[in-house]
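Colleague: Numbering (my numbering), first residue to last: 12 to 167.
C-beta: ideal position from N, C-alpha, C; glycine also.
Being a predicted model, the structure only gives us computed values, none of them experimental.
#1: Count the other CB atoms, across all protein chains shown, that sit within 10 Å of the CB of residue 47; report buried if there are 16 or more and exposed otherwise.
#2: Rank 23, 103, 136, 14 by C-alpha distance to the C-alpha of residue 115 and give the top, closest one.
#3: State yes or no: is the beta carbon of residue 134 nearer than 8 Å to at least one beta carbon in chain B?
#4: Quick check on residue 25: buried or exposed, where buried means 16 or more other Cβ atoms within 10 Å of its Cβ?
#5: Considering residue 16, what are the terminal residues of the alpha helix (DSSP H) in which it resides?
#6: Hey, quick one: how far does the beta strand (DSSP E) through residue 53 stretch, first residue to last?
#7: Inspect the beta-carbon positions of residue 125 and residue 92 and report whether they are closer than 8 Å.
#8: Checking 8 Å against the spacing of the C-beta atoms, do residue 86 and residue 17 come in under that value?
#9: Pull up the distance between the alpha-carbon of residue 122 and that of residue 30, whole angstroms please.
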C-alpha cells in the first residue's frame, strides 16, 4: 500500500518473514527507507487488517467523516489520527466533497485525538519502564509481640 501524500509505503510480509524484513534493530527497514526517501512500515496482513479496522472506527467517530470518506482515506493510506492531522486541506475537500469549514473542523479533531493518543502512548511507555514495586507490608501479626510487649504478654 502506497501513500504518496504521506510519503509512506506499507510492505506486507508473512509472519515468518517479519523479523527478517525488519532486520536486526530495524536496520533493513531503515536502509530501505533511506534509499527510497519514504517511511516504510513492515507488517503482516493480520496487523494491517487490525489497523484498518481501528482506522475505520476512529475516523467515523469524527464529526463530518462518513463511512465512505473513511474508506477513501484508508485506501489512500491514512491509518491514524496523526496521518489525518497532516492531510492537505484541499485533498480532503476533494476526497469528501467538503467545505473548507468542515475540513478545518475534521483536521482540528484529528489533531486533538492525535495529541491524546500520543500522551496515552507516553504514559504506557512510562508505566512499562517502571518496575512493579510493591510496598513492604508494615503490619505485625497478632502472634508477634510489638516492641513495647514482651513475649507471652496477652494482647488486649
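Modeller: Short version:
#1: Exposed is the label assigned to residue 47, since fewer than 16 other Cβ atoms lie within 10 Å of its Cβ.
#2: Per the Cα distances, 103.
#3: In summary, chain B is missing from the structure at hand, where a single protein chain is found.
#4: Exposed: under 16 other Cβ atoms inside 10 Å.
#5: Unbroken run through residue 16: none, as it is neither H nor E.
#6: Here the beta strand (DSSP E) through residue 53 covers 50-54.
#7: Yes, these two residues count as a Cβ contact at 8 Å.
#8: Taking 8 Å as the Cβ cut-off, residue 86 and residue 17 do not qualify as a contacting pair.
#9: A direct Cα-Cα distance of roughly 32 Å separates residue 122 from residue 30.
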